[in-house]
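What follows is a short report on a single structure.
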Amino acid sequence: MTPHDFTFDGHGLQARASGALFWPERRWLVVADLHLGKSERMARRGGSLLPPYETQATLDRLGAEIAATDPVTVISLGDGFDDDAAGMALPDTVCHALQAMAQGRDWIWVSGNHDPGALNPKLPGQVAVELSDGLTFRHEAGRGPDVSGHFHPCLRLAGQRLRCFLKGSDHLILPAFGAYTGGLAVDDPVLRRLVPQGLAIACAHRAIPVPVGAAKTRRRA
Amino acid sequence: MTLPPRFQDWFTRQGWQPHPHQIALLQAKGDTLLIAPTGGGKTLAGFLPTLVELAEPHEGMHTLYVSPLKALTADIARNLSRPVADLGLDIRIEDRTGDTRASQRARQKVDPPDVLLTTPESLALMLSYEQAPRIFGGLRRVVLDELHALAENKRGDQLMLCLARLKALAPDVTVTGLSATVEDPQRLADFMGGGQVINADPGPDPDIAMLPTSQPAPWAGGGGHYAVRDVLAQVKQATTTIIFINTRAQAELFFQAIWAANDDNLPIGLHHGSLSREARQRVEAAMAAGELRAVVATGSLDLGIDWGAVDLVIQVGAPKNVKRLVQRIGRANHRYNAPSRARIVPANRFEVIECTAALQAVRERDLDGDPRGPGPLDVLCQHILLTACAGPFDPDDLFREVRKAGPYRHLTQEDFDACLDFAATGGYALRAYDRWQRLMLRDGLWRLRDPRAARDLRMNIGTIVEAEMLKVRFRGRGGAPLGEVEESFAATLETGDTFLIGGQTVRYDGLRDMVVEVTKQPTREPKIAVFSGLKMATSTQLSHRVQALIGDPTHHNTLPADTAEWLALQANVSTLPRPGVLVSESFPHQGRWHLAVYGFAGRNALQTLGLLMTRVMEEVGLAPLGFLATDYALLIWSLDPVTDPAPLLDRDALREGLGDWLGRNAVMKRSFRNVATIAGLIQRNLPGQRKSGRQATFSSDILYDTLRRYDPDHLMLRITADEARRGLVDFDRIEEMLARTLRLDHRMLDRVSPLAAPLMLEKGRVPIAGQGRERLAEAEAEALMAEAGLT
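Line by line, the protein sequences are chains A and B. Heads up, the first sequence is in the working numbering, so the first residue is 24 and it goes up one at a time. Heads up, the second sequence is in the working numbering, so the first residue is 8 and it goes up one at a time.
What follows is the structure, encoded as structure tokens:
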């Protein structure tokens with residue numbers, strides 16, 4: 024699970040193999056697109072009854088990252104909840120687990136397009152629209168340089184589809200941290216516009232850097 | 008019922024006599040299963056009672072005809088129109104498939120035709136309507152065509168559940184099953200839910216033999232290219248020939264090879280499941296019009312419209328199972344009293360033996376078939392959800408009804424309850440969906456919580472789960488797509504790679520808007536022709552015959568001389584595999600130790616055995632490097648020799664390894680995806696739904712991993728494991744192999760044996776690498792970084 028160290032906008036950052044971003048200088052841990060409560064929302068809307076374990080799975084992974092990095096501040100970079108109602112409907116066990124994780128640190132919920140509303144009062148931390156402190160953190164990439172989520176970037180490497188960070192000169196886009204989240208390929212026109220050329224850092228057994236949008240090279244599998 | 012005079016007159020006017028089985032079917036009371044060879048007037052036999060009854064006035068739908076193929080329903084409608092017109096019957100016959108216009112479908116709901124021709128999926132859809140009781144309430148007859156084909160997969164299981172539903176809606180309905188020759192007619196009748204078996208005269212013995220070839224079959228490989236000129240010579244002499252080949256990739260390559268040798272430019276077409284529907288229809292139309300002298304085809308032509316002009320079938324490659332071979336032979340010469348002509352071309356030396364054994368079986372009319380086991384529960388889950396779409400239901404009534412379906416006649420209350428619980432609540436140990444259940448119990452009846460869900464459920468009907476397919480098109484040109492390839496295949500392509508599709512070599516340019524763009528590369532050798540597709544394993548009975556033939560030198564005179572000499576040499580240097588004895592050999596070759604195990608258990612089972620045995624070898628430090636499985640043998644290579652294979656073949660150790668290995672295997676994930684889609688846990692990807700630029704949905708692998716971790720006893724995982732054991736993993740056949748092994752006979756040799764030699768040449772080697780995928784990803788990333796100057 025070796026992380027990959029890199030610089031963005033003059034700051035030393037660490038892409039973790041889990042998909043979380045760590046800022047060692049500040050000891051901030053940033054995770055994007057947790058989408059907690061996704062299976063509940065699908066069921067509520069009359070869709071499939073998906074295995075209702077993704078929130079637990081996501082929290083288990085988040086807990087492991089917090090234990091490994093011991094951050095001063097944890098930032099959820101938007102779409103922490105699959106919608107506002109899902110946030111409100113989180114079972115008490117989940118709220119307690121989040122409270123325990125937040126013990127002794129700051130916790131900030133940046134709001135996203137899925138969860139623009141108020142925070143479940145049983146949850147720790149506070150809501151912010153965006154955060155600017157040395158680096159700018161917001162849910163969806165805006166005027167760079169900024170750190171964002173929203174697009175769930177992923178790429179293909181040796182036949183496998185992997186979640187990845189996407190780093191250009193203006194934008195650093197985080198992969199989705201939530202368990203049941205799909206992805207958008209890094210060579211999709213939308214992501215190409217934001218990051219025409221740069222680096223993708225794939226989340227596998229370790230964080231693997233891969234160039235994207237570089238001058239056309241012949242790829243070998 | 009007897010044949011009324013006007014019908015008798017009609018037969019006479021055609022210059023026909025009704026076949027005895029046509030009369031027998033007319034006179035039968037209750038449900039019947041007709042077993043008749045192709046060309047036996049099966050369809051007319053099935054419809055004759057309907058036509059006779061419809062000479063009297065009838066209200067509403069009288070007869071429902073179900074066929075596995077849409078094309079067949081249209082063909083039947085045409086064929087029936089003639090006797091109906093000749094007899095002056097006032098009957099409305101319509102078809103109803105996925106292609107039927109919405110306006111027509113709506114009208115059929117209100118005003119059903121006398122005879123409706125449909126497919127299992129369309130029937131399931133119609134039964135999910137609230138109006139189903141009214142549409143089918145007056146039904147008198149059901150005709151199930153090509154039942155032998157339907158009984159081989161989940162479409163048949165679904166159809167039998169629908170049949171049970173029809174019988175509940177219309178208690179007086181009479182069912183007629185129509186089938187080609189099968190090994191066990193009673194078993195098929197039981198599948199149908201019971202009924203009297205009527206056997207038609209099977210007709211004259213087929214004229215079937217090995218194709219004499221100018222050179223002997225090669226030692227290994229599966230293409231059959233060595234015989235291309237011999238095949239062409241046969242095509243020239245026949246009117247129309249179907250050349251059956253086992254896989255799509257081999258069909259493409261053979262098609263290319265035959266055209267390279269086709270000096271007379273005989274019109275020869277290609278037909279397989281990866282070609283676009285338009286391309287397939289063009290070939291079918293050309294065949295029907297008599298414009299083709301031959302068509303190279305895969306199983307895609309096993310069923311379908313009869314082409315009277317086909318007078319020769321050539322099977323290239325081992326037939327893998329005798330029943331399928333007989334059914335394929337039946338595709339030649341659809342005239343009842345003329346023998347079918349067929350020639351077989353073994354692709355390699357092992358297949359020479361298999362083909363010889365298969366020919367013996369055909370002559371002895373000894374058909375094979377591996378029983379499928381009880382009705383799968385994922386299909387039942389879908390059926391329960393669709394039943395709820397039609398209206399509230401009583402669980403006890405539904406349980407009794409489902410048990411009337413043949414494949415589910417032994418269904419336990421416990422399994423039924425588990426499926427109902429899954430359909431209603433998801434069936435999770437963590438009861439998370441109390442408020443949002445899919446089905447709610449009110450007043451003793453289960454019903455949809457949200458009636459709007461019916462739409463999504465109906466979209467998900469069916470048991471065929473396609474791999475994600477991508478269309479292939481020429482770049483910068485419009486026009487019809489060339490065909491489709493599996494997404495996983497497209498993912499392995501790099502710009503500049505060449506592959507075969509539709510008989511031409513194309514160059515991969517890139518993926519755009521979910522379309523694989525290619526350019527023509529006629530001059531270049533194709534690099535790849537792999538659209539995975541499943542490889543069928545040789546049937547249990549045929550494997551036994553092959554083993555018995557090899558093990559009995561007194562019968563080696565039935566084999567070609569070169570093959571007999573090969574086996575004699577094997578008996579000399581080592582020993583021959585024979586019934587009751589599991590022969591294995593260890594020998595060094597090019598610095599590696601090799602272990603050959605002659606298991607005769609089929610490719611899938613031996614592949615699984617390879618994975619399990621190498622796992623044990625790894626544990627005891629024999630350093631296995633890779634293995635290869637064929638239908639007959641398993642070959643493992645390692646740094647250290649296996650001196651005693653007994654511990655590696657210990658049944659309990661293998662079973663234990665299976666549980667552990669199976670869970671993490673990609674084969675399981677593929678099975679899970681199918682099961683979860685059929686059961687309604689995940690929505691199938693509908694055509695046109697996927698658009699570029701949208702976030703792809705998360706993969707079913709994530710659901711699988713999550714369930715395994717947090718809810719390992721969940722129903723979906725149980726169904727997946729059951730299915731894999733019988734299907735791709737085929738552990739049941741490993742057990743069967745061990746059960747018939749009375750003793751092991753292991754030989755230590757100083758070099759490769761004659762029987763093992765062809766194995767060394769086979770393709771499809773599986774490397775053993777625990778961290779293989781990770782290392783691949785690492786290596787590729789490093790190479791990319793280096794190229795970009797970023798290291």
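The beta carbon of each residue, even a glycine, is placed where N, CA and C say it ideally should be.
Mind listing the chain A neighbours of tryptophan 573 of chain B? Cutoff is C-beta to C-beta under 9 Å, in chain order.
For the purposes of this step, residue 573 of chain B is taken as residue 566 along the second sequence, with counting starting at 1. Here the premise fails: no neighbours, minimum Cβ distance about 39 Å.
Suppose the cutoff is 7 Å on Cβ atoms and the five residues either side in sequence are ignored; what does the same chain contact list for threonine 517 of chain B look like?
In the second sequence, the residue the question calls residue 517 of chain B occupies position 510. The question names threonine, but residue 517 of chain B in the sequence shown is glycine. Closer than 7 Å at the Cβ level, and outside the excluded window around glycine 517 of chain B, lie Thr502, Glu524.
In the structure shown, what three-state DSSP assignment does tyrosine 440 of chain B receive?
As a position in the second sequence, residue 440 of chain B is number 433, starting the count at 1. In this structure, tyrosine 440 of chain B counts as coil in the three-state DSSP scheme.
Over what stretch of residues does the beta strand (DSSP E) that includes isoleucine 231 of chain A continue unbroken?
Counting from one through the first sequence, the residue named residue 231 of chain A turns up at place 208. Isoleucine 231 of chain A -> beta strand (DSSP E) spans 230 to 235.
With C-beta atoms as the reference, is proline 399 of chain B less than 8 Å away from arginine 331 of chain B?
On the second sequence, residue 399 of chain B is found 392 positions in, with the first residue counted as 1. On the second sequence, residue 331 of chain B is found 324 positions in, with the first residue counted as 1. Their beta carbons are not under 8 Å apart, which means proline 399 of chain B does not touch arginine 331 of chain B by this criterion.
For alanine 776 of chain B and proline 652 of chain B, what's the separation of their Cα atoms in angstroms?
For this step, residue 776 of chain B is matched to residue 769 along the second sequence. For this step, residue 652 of chain B is matched to residue 645 along the second sequence. Bear in mind that the predicted position of alanine 776 of chain B carries a pLDDT of just 47, short of 50, making it too unreliable to give a figure here.
With a threshold of 8 Å between beta carbons, is threonine 1 of chain B in contact with chain A?
Look at the range of chain B in this structure, 8 to 798, and you will see that residue 1 of chain B is not part of it.
Along the chain, where does the beta strand (DSSP E) that runs through threonine 505 of chain B open and close?
Residue numbering aside, residue 505 of chain B sits at position 498 when the second sequence is read from its first letter. Unbroken beta strand (DSSP E) run through threonine 505 of chain B: 505 to 508.
Quick one: which residues of the stretch 70 to 90 of chain A get their C-beta closer than 8 Å to a C-beta of chain B? List them in chain order.
Cβ contacts with chain B: Gly70, Ser71, Leu72, Leu73, Pro74, Pro75, Tyr76, Glu77, Gln79, Ala80.
CB threonine 188 of chain B to CB leucine 32 of chain B, shorter than 8 Å?
Position 181 of the second sequence holds residue 188 of chain B. Position 25 of the second sequence holds residue 32 of chain B. No; because the gap between Cβ atoms is not below 8 Å, this pair is not in contact.
Distance cutoff 8 Å, beta carbons only. Does arginine 459 of chain B sit that close to anything in chain A?
Counting from one through the second sequence, the residue named residue 459 of chain B turns up at place 452. For arginine 459 of chain B, the answer is yes, since a Cβ of chain A falls inside 8 Å of its Cβ.
Could you confirm whether any beta carbon from chain A is found closer than 8 Å to the beta carbon of tryptophan 443 of chain B?
As a first step, residue 443 of chain B is located in the second sequence; it is residue number 436 there, counting from the start. So yes, tryptophan 443 of chain B belongs to the interface.
Using a Cβ cut-off of 8 Å (strictly closer), state whether glutamine 528 of chain B contacts chain A.
Here residue 528 of chain B corresponds to residue number 521 of the second sequence, with the count starting at 1. Output row for glutamine 528 of chain B: interface = no.
Using alpha carbons as the reference points, say which of A:Pro74, A:Val170, A:Tyr203 lies closest to isoleucine 98 of chain A.
For the purposes of this step, residue 98 of chain A is identified with residue 75 of the first sequence, where counting begins at 1. Measuring from the Cα of isoleucine 98 of chain A, the nearest candidate turns out to be A:Val170.
Terminal residues of the continuous alpha helix (DSSP H) containing valine 290 of chain B?
What you label residue 290 of chain B is simply residue 283 of the second sequence in a count that begins at 1. 284 to 295 is the extent of the alpha helix (DSSP H) around valine 290 of chain B.
Taking all protein chains shown into account, do 16 or more other C-beta atoms lie within 10 angstroms of the C-beta of glutamate 371 of chain B, making it buried, or fewer, making it exposed?
Counting from 1 along the second sequence, the entry for residue 371 of chain B is found at position 364. The residue in question, glutamate 371 of chain B, is exposed, as its Cβ has fewer than 16 Cβ neighbours within 10 Å.
Give me the residue from B:Asp441, B:Leu87, B:Gly163, B:Val682 with the minimum Cα distance to arginine 725 of chain B.
Your numbering for residue 725 of chain B matches position 718 in the second sequence. Answer by Cα proximity: B:Val682.
For a contact defined as C-beta to C-beta under 8 Å, what are the partners of tyrosine 717 of chain B on chain A?
Along the second sequence, read from residue 1 onward, the residue named residue 717 of chain B stands at position 710. Under the 8 Å cutoff, chain A gives Pro74, Tyr76, Gln79, Ala80.
With which residues is glutamate 491 of chain B paired in a DSSP beta bridge?
On the second sequence, position 484 is the one that residue 491 of chain B refers to. The partner list for glutamate 491 of chain B (beta bridge, DSSP) reads B:Lys478.
Counting only runs of 3+ residues fully inside the stretch 144 to 226 of chain B, write out the beta strand (DSSP E) ranges in chain order.
With a minimum length of 3 residues, the continuous beta strand (DSSP E) runs that stay inside the stretch 144 to 226 of chain B are 148 to 151, 181 to 186, 203 to 206, 214 to 217.
Start and end of the alpha helix (DSSP H) containing phenylalanine 31 of chain A?
Position 8 of the first sequence, counting from 1, holds the residue named residue 31 of chain A. That residue, phenylalanine 31 of chain A, is in no alpha helix (DSSP H); its beta strand (DSSP E) goes 27 to 31.
How is the beta strand (DSSP E) around lysine 527 of chain B delimited, first residue to last?
In the second sequence, counting from the first residue as 1, residue 527 of chain B sits at position 520. Its beta strand (DSSP E) spans residues 522 to 527.
Listed in chain order, which residues of the stretch 198 to 212 of chain A have Cβ atoms closer than 7 Å to some Cβ of chain B?
Against chain B - using a Cβ distance shorter than 7 Å - the residues of the stretch 198 to 212 of chain A are Ala202, Tyr203, Thr204, Gly205, Gly206, Leu207, Asp211, Pro212.
Return no unless some Cβ of chain B is closer than 8 Å to the Cβ of leucine 180 of chain A.
Here residue 180 of chain A refers to the residue found at position 157 of the first sequence. Closer than 8 Å to some Cβ of chain B, the Cβ of leucine 180 of chain A qualifies, so yes.
Using a Cβ-Cβ cut-off of 7 Å (strictly less than) and excluding sequence neighbours within five positions of glycine 540 of chain B, which residues of its own chain qualify?
As a first step, residue 540 of chain B is located in the second sequence; it is residue number 533 there, counting from the start. Since pLDDT at glycine 540 of chain B reaches only 42, below the 50 mark, its modelled position is unreliable, and the value read off the structure follows with that caveat. Closer than 7 Å at Cβ, skipping near neighbours: Thr254, Arg255.
Look at the alpha carbon of asparagine 333 of chain B and the alpha carbon of serine 307 of chain B, and state the distance between them as a whole number of angstroms.
Taking the second sequence and counting its residues from 1, the one referred to as residue 333 of chain B is at position 326. Taking the second sequence and counting its residues from 1, the one referred to as residue 307 of chain B is at position 300. Looking at the sequence provided, one finds valine at residue 333 of chain B rather than asparagine. Rounded to the nearest angstrom, the two C-alpha atoms are 16 Å apart.
Does any residue of chain B have a CB that is nearer than 8 Å to the CB of proline 147 of chain A?
As a working note, residue 147 of chain A is residue 124 in the first sequence. So no, proline 147 of chain A is outside the interface.
Using alpha carbons as the reference points, say which of B:Asp559, B:Ala35, B:Val359 lies closest to glycine 228 of chain B.
Translated into positions along the second sequence, residue 228 of chain B becomes position 221. That would be B:Val359, whose Cα lies nearest to the Cα of glycine 228 of chain B.
Grab me the residues of threonine 104 of chain B's own chain with a C-beta within less than 7 Å of its C-beta, minus the 5 sequence neighbours each way, in chain order.
Taking the second sequence and counting its residues from 1, the one referred to as residue 104 of chain B is at position 97. Result list for threonine 104 of chain B: Lys77, Thr80, Thr125, Thr126, Ser129, in chain order.
Please say whether alanine 365 of chain B and leucine 549 of chain B have beta carbons closer to each other than 8 Å?
On the second sequence, position 542 is the one that residue 549 of chain B refers to. On the second sequence, position 358 is the one that residue 365 of chain B refers to. Contact flag set, yes.
Could you give the DSSP three-state label for leucine 51 of chain B: helix, strand or coil?
Numbered from 1 along the second sequence, position 44 holds the residue referred to as residue 51 of chain B. Leucine 51 of chain B falls in the helix class under three-state DSSP.
Relative to the C-alpha of glutamate 101 of chain B, which candidate in B:Pro119, B:Pro25, B:Ile685, B:Ala92 has its C-alpha closest?
Position 94 of the second sequence, counting from 1, holds the residue named residue 101 of chain B. Of the candidates B:Pro119, B:Pro25, B:Ile685, B:Ala92, the one whose C-alpha sits nearest the C-alpha of glutamate 101 of chain B is B:Pro119.
Would you say isoleucine 709 of chain B reaches chain A, if we count a Cβ-Cβ gap shorter than 8 Å as a contact?
Along the second sequence, one-based indexing puts residue 709 of chain B at 702. With 8 Å as the cut-off, isoleucine 709 of chain B counts as an interface residue toward chain A.
Is there a Cβ from chain A that is less than 8 Å from the Cβ of phenylalanine 705 of chain B?
Position 698 of the second sequence holds residue 705 of chain B. Answer yes: the Cβ-Cβ gap between phenylalanine 705 of chain B and chain A drops below 8 Å somewhere.
Considering just the uninterrupted stretch of the alpha helix (DSSP H) at histidine 119 of chain A, what are its terminal residues?
By 1-based counting over the first sequence, the position of residue 119 of chain A is 96. Note, histidine 119 of chain A: alpha helix (DSSP H), 115 to 125.
What residues from chain B crowd round proline 26 of chain A, counting only those whose CB sits closer than 7 Å?
On the first sequence, position 3 is the one that residue 26 of chain A refers to. What proline 26 of chain A touches in chain B: nothing, since even the nearest Cβ is about 15 Å away.
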